[in-house]
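Residue numbers (the UniProt record's numbering): 510 to 796. Yeah, the Cβ is synthetic: ideal placement off N, Cα and C, and Gly gets one too. To start, the structure itself, in structure tokens.
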Ligand code: C2E
Ligand code: MG
Ligand code: MG
Ligand code: MG
């Protein structure tokens, strides 16, 4: 009907900016439908201990496959969800699903959930998190919440109070994409994060870029003195993993260890890595 027609009209008569607006509206409508129809799902990517490469946590990452658009990256649809407020019901779905999935995993494996600043608005995020824990039976000690520096730009005191409330449930708070925002150091000073995740921008050329290696080293030593666990994101090569081990990074995450996987594969991943770790078998745990 008017869908194809609308597109053609837009291309012929409207200025470029409106095409973008139109595409955004289309994305929003489809995303809303995807949420209602249950077409959003979660993949899980392991975070492993640097020492023995055993999984300590899995990060929940949203996946959306649209009939017409195909697979849409969260990099494209999360900003739309944030701008339209859709992130609130989507975020609630993510929390509930992630807690439910994690409740089936062996203890003490944790799950990490990304939170957007928009989820800290009028509705009570603490209540939503509590409800997700309660419905799943998952202990708060097995949940990590990943936030970014942008969350702390507005209403900093309110946000810090909310994060404290979440911490009192045993939940760990991680600073995601560390180093990409601005004023990161003052945020670290004002809140006791449990974990910082060094953005993959600093990890991707670790072998060839001595300046990034120095930055990573500095972040790790700062993390240690502030009693925070330090994770390196986006580890893709063995060389990067070796450098990070030598720098005594706490946890690694990245394609080298595993790509994000559907929930149904998590148990198998845990089984196969546990087998590779058996002392009588001399297998490298990253094979
Ligand atoms: P993030 O939280 O920093 O997640 C890490 C992203 O890096 C993921 O992309 C992951 O697939 C990707 N990645 C992991 N290891 C590697 C690697 O070795 N190399 C490279 N090149 N990439 C790697 P993804 O799944 O596309 O998600 C992108 C971003 O979308 C996330 O960044 C997060 O900010 C956001 N996002 C995803 N799911 C959710 C969600 O449920 N809620 C919210 N609010 N944001 C989400
Ligand atoms: Mg994250
Ligand atoms: Mg990240
Ligand atoms: Mg990132």
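Can you give the beta carbon distance from residue 688 to residue 712, rounded, assuming they're within the 8 Å contact cut?
Residue 688 to residue 712, Cβ: 10 Å. No contact.
Ligand 2: which residues have Cβ under 6 Å from any of its heavy atoms, chain order?
568, 623, 655 and 685
For residue 679, I'd like the list of residues in its chain whose CB is within less than 7 Å of its CB, leaving aside the five on either flank, ordered along the chain.
648, 649 and 650
Are the beta-carbon atoms belonging to residue 589 and residue 533 less than 8 Å from one another?
yes
Less than 6 Å between C-beta atoms, sequence neighbours within five positions excluded: which residues of the same chain meet that for residue 536?
589
With hydrogens ignored, establish whether the beta-carbon of residue 844 is closer than 7 Å to any heavy atom of ligand 3.
Look at the range of the chain in this structure, 510 to 796, and you will see that residue 844 is not part of it.
Which residue from 702, 756 and 779 puts its Cα closest to that of residue 766?
779
How long is the line joining the alpha carbons of residue 676 and residue 572, rounded to whole angstroms?
28 Å
Opposite residue 738 in the DSSP bridges: which residues?
704
From which residue to which residue does the alpha helix (DSSP H) around residue 556 run?
Segment 549-558 is the beta strand (DSSP E) holding residue 556; no alpha helix (DSSP H) there.
Nearest to residue 592 by CA position, among 611, 626 and 705, is which residue?
626
From 557, 610 and 561, residue whose alpha carbon lies closest to that of residue 774
610
Use the C-beta contact count for residue 553: other C-beta atoms within 10 angstroms, 16 or more gives buried, fewer gives exposed.
buried
Can you name, in chain order, every residue of its own chain whose Cβ lies under 8 Å from the Cβ of residue 686, other than the five neighbours on each side?
657, 658, 706, 708 and 742
Compute the beta-carbon to beta-carbon distance between residue 661 and residue 696, rounded to the nearest angstrom, for a pair I have assumed lies under 8 Å.
5 Å
Exposure label - residue 783; buried when at least 16 CB within 10 Å
exposed
Excluding the 5 residues preceding and the 5 following residue 544 in the sequence, name in chain order all residues of the same chain whose CB lies nearer than 8 Å to its CB.
595, 598, 599 and 602
Where residue 748 falls: helix, strand or coil (DSSP)
helix
On the criterion of 16 or more Cβ atoms from any shown chain inside 10 Å, does residue 759 qualify as buried, or is it exposed?
buried
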